[in-house]
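This report refers to the structure that appears directly beneath it.
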Amino acid sequence: MPLDEATRQLAVLLQLELRRLVERERARTERGEEVRYDSVSRIATWETRRGDVIGRWYGDVLARYVVRDRILRWDWAGRSSIATTTHAEVISREGQARGVPQLSMSVVGELDEPDAYALVRLGVLVAHGEGVELRRTEEELTFIGLFDSPRPRDGESVDPSRYSVPPPPVARSSPPADRSSPVASWPPAAGWPAPARRSSPAAGTRSTPPAARSSTPPAARRSSQPPAHRSLPPIREIYGPRTAGRSPSTRAPEPERRVREPSRSIFLPVASAVLAVFAKAVPGFQQALFVLRIEPETRADEGRRLVVLLAANDASGDLRAIDPSPELLAAAARLVEADQNDGNGPWSKLSARITPKPDGGATLNVDVI
C-alpha cells in the first residue's frame, strides 16, 4: 500500500524539518562528500572528497527494503523484549503515540522505493536523528539512521526545538490568591524577626548621640566639614532637562547574541498554559498552532507589544481561532523576560506546532525568527 493519510499528515506537519534533512543530504552529495559506515563499531564517518573527517555519528540500522517484493521491514521486528532499546523502537513508539500505523507496524507492503525512503526519513525525524544513509544491493536497500548517541536518550528531547508537554492540571475549586500585591505574595517567614525601623539623618547632617545634638548649637554643625555627598552634581545634570530620558550610556556595546529556541524550563509554563486553553476551548483537537509575536515599540514612552495567536483543527477537521486566556498572556510576558535574561538573542516571532498525545499531553515543535 502507498503512504496512507496519517503518514502524509505527519509529513505536512514536519515539512520544515523534512526539507532541512533532504537539503543537508543533497548538499553533501553536491560537494562530493561521503558517509562511511562501519557495521562492527556502528560508527558513520562523514568525510570530504579528499578523505578529511568532518564529523562522526552513531549508525543504527532502521529498516530494510526488499526491491522485488516492495516490502519495507522495520529492524525492531523480531527483537527480544529484554534486548537494549534501539532507535528503531523509538520510531515504533512515536508512531503509536502519533497515530501513524506505518511507523509502528513491523512490515509495510506495496511501497515504491521513493515512498520507502520518505517513510524512513519521517522515522528518523521523530526519533531525533541527524540523517539517513542508504546501502544498496541488487536485492535490498538498507536504511541506516545517523544519531548523536548510540542508544536513545532518556529524559529531555535531543532536539532543543521539540518539547513534550504533560496534560494540563485540573482546575482548582477555590480561586487562586491575589498576587498583585508584593506584600501579599511574599510574606516574611514564620519566626523571622521584623526589621527594625530607624530614622535616617537628614541630608547634610551627621549622626550624633542625643546628648550631643541637644547641647550643640546649629552654628557649630555648619562649621564642620561638609560630607562628600553634598558636592554639586555634574553640569550636564544641572542644565539637562530632568525628564529628557535616559542619560547616554558609556558602556561598551554588548556582542551580538545568537538566536535560538527558549530552553525547556523557560518554555514549559507557556506550553502548559497553551495546552490548557486548547483543552478547554477545542476538546479533541487534531492539530494546533501557537504564535507569539514581539512588536517593536512605536514611541519612547511605550513598551513592546506582545501578540498571541491561537488556531486549531477541531475533531471534525474545521479550523478555529481561539482567544488567549489572561494566564497565557501573563506566561508569555514572563517567557520573553526570562528568555532574554537567559542570554538568548532578540527574536521577533515564536511559533509552535502542536500535536496531541493519547494521554492528554502534546508534542510542540518550536521555531523562532
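For the sequence shown, my numbering assigns the number 1265 to the last residue and increments by one with no breaks. Backbone N, C-alpha and C define an ideal beta-carbon position, used for all residues, glycine too. No experiment lies behind these values; they were computed from the predicted model shown.
#1: Distance, Cα to Cα, serine 1262 vs proline 1220?
#2: Hey, would you say glycine 1019 sits closer than 8 Å to leucine 999, going by beta carbons?
#3: Measuring straight from C-alpha to C-alpha, what distance separates glycine 1027 and glutamine 992?
#4: When you compare only the Cα positions, how much space is there between phenylalanine 1043 and glycine 951?
#5: With glycine 991 as the anchor, note down where its alpha helix (DSSP H) starts and where it stops.
#6: When DSSP builds the beta bridges, which residues end up paired with glutamate 901?
#7: Who are the near neighbours of proline 1179 in its chain, counting only those whose CB is closer than 8 Å to its CB and skipping five residues on each side?
#8: Terminal residues of the continuous beta strand (DSSP E) containing glycine 1019?
#9: What runs of the beta strand (DSSP E), each 3 residues or longer, lie entirely inside the region 1179-1253?
#10: Where do the N-terminal and C-terminal ends of the beta strand (DSSP E) with isoleucine 950 fall, by residue?
#11: Would you please state the rounded distance, in angstroms, between the beta carbons of valine 957 and aspartate 971? I believe it to be under 8 Å.
#12: Among Pro997, Leu1015 and Pro1048, which has the Cα closest to the Cα of phenylalanine 1039?
#13: When the cut-off is 8 Å and only beta carbons count, does proline 1046 lie next to chain D?
#14: Counting C-beta neighbours from all protein chains within 10 Å, is the total for glutamine 911 16 or more, i.e. buried, or is it exposed?
#15: State the beta-bridge partners of aspartate 1263 as determined by DSSP.
#16: Spatial neighbours of leucine 1215 within its chain, please: C-beta separation below 7 Å, excluding the five flanking residues on both sides.
#17: Does the structure place the region 1219-1233 close enough to the region 1161-1177 that three or more beta carbon pairs sit under 8 Å?
#18: Would you kindly report the start and end of the unbroken beta strand (DSSP E) that includes alanine 852?
#19: Note down the Cα distance separating serine 935 from lysine 1245, rounded to an integer number of angstroms.
#20: Starting from threonine 925, trace the alpha helix (DSSP H) both ways and give me its first and last residue.
#21: According to the neighbour-count rule (16 or more other Cβ atoms, all chains shown, within 10 Å of its Cβ), is asparagine 1240 buried or exposed?
#22: Less than 8 Å between the C-beta atoms of alanine 1258 and isoleucine 1162, yes or no?
#23: Could you check what DSSP says for valine 908 in three-state terms: helix, strand or coil?
#24: When DSSP builds the beta bridges, which residues end up paired with glycine 1025?
#25: How would you write the range of the beta strand (DSSP E) that arginine 932 sits in, first residue to last?
#26: Thinking C-alpha only, which one of Arg1031, Arg989, Leu1205 and Tyr1013 is nearest leucine 917?
#27: Going by DSSP, which residues form a beta bridge with valine 1004?
The short version:
#1: Before going on, a small fix: residue 1262 reads as valine here, not serine. Going by the C-alpha atoms only, they are around 18 Å apart.
#2: The criterion of a C-beta distance shorter than 8 Å is satisfied by glycine 1019 and leucine 999.
#3: If I take the Cα positions, the gap works out to 22 Å.
#4: Using only the alpha carbons, I get a separation of about 12 Å.
#5: Start and end: 983-994.
#6: Glutamate 901 is not bridged to any residue.
#7: In the same chain as proline 1179, and ignoring 5 residues on each side of it, the C-beta atoms closer than 8 Å to its own belong to Ala1211, in chain order.
#8: Boundaries for glycine 1019: no beta strand (DSSP E) harbours it, while the alpha helix (DSSP H) harbouring it runs 1009-1022, taken from the DSSP string.
#9: Whole beta strand (DSSP E) segments, 3+ residues: 1183-1191, 1201-1209, 1215-1218 and 1245-1252.
#10: Isoleucine 950 -> beta strand (DSSP E) spans 949-962.
#11: That pair is a contact at about 5 Å.
#12: Closest option to phenylalanine 1039, Cα to Cα, is Leu1015.
#13: Here there is only one protein chain, and chain D is not present.
#14: Counting of Cβ neighbours within 10 angstroms places glutamine 911 among the exposed residues, the total staying below 16.
#15: DSSP, once it has assigned bridges, lists Ser1247 as partnering aspartate 1263.
#16: Taken in chain order, the residues that qualify are Ala1207 and Asn1209.
#17: Yes, the region 1161-1177 touches the region 1219-1233.
#18: The shown model of the chain, from 897 to 1265, leaves out residue 852, and the question about it has no answer.
#19: Cα-Cα distance, rounded: 43 Å.
#20: Here the alpha helix (DSSP H) through threonine 925 covers 911-926.
#21: Answer is buried; the Cβ neighbour count reaches 16.
#22: Going by beta carbons, alanine 1258 and isoleucine 1162 fall outside the 8 Å limit.
#23: Three-state DSSP puts valine 908 in a helix.
#24: Note: glycine 1025 sits in no beta bridge, so no partner.
#25: Where arginine 932 is concerned, the enclosing beta strand (DSSP E) starts and stops at 930-934.
#26: When each option's Cα is compared against that of leucine 917, the closest is Tyr1013.
#27: BP columns for valine 1004 point to Leu968.
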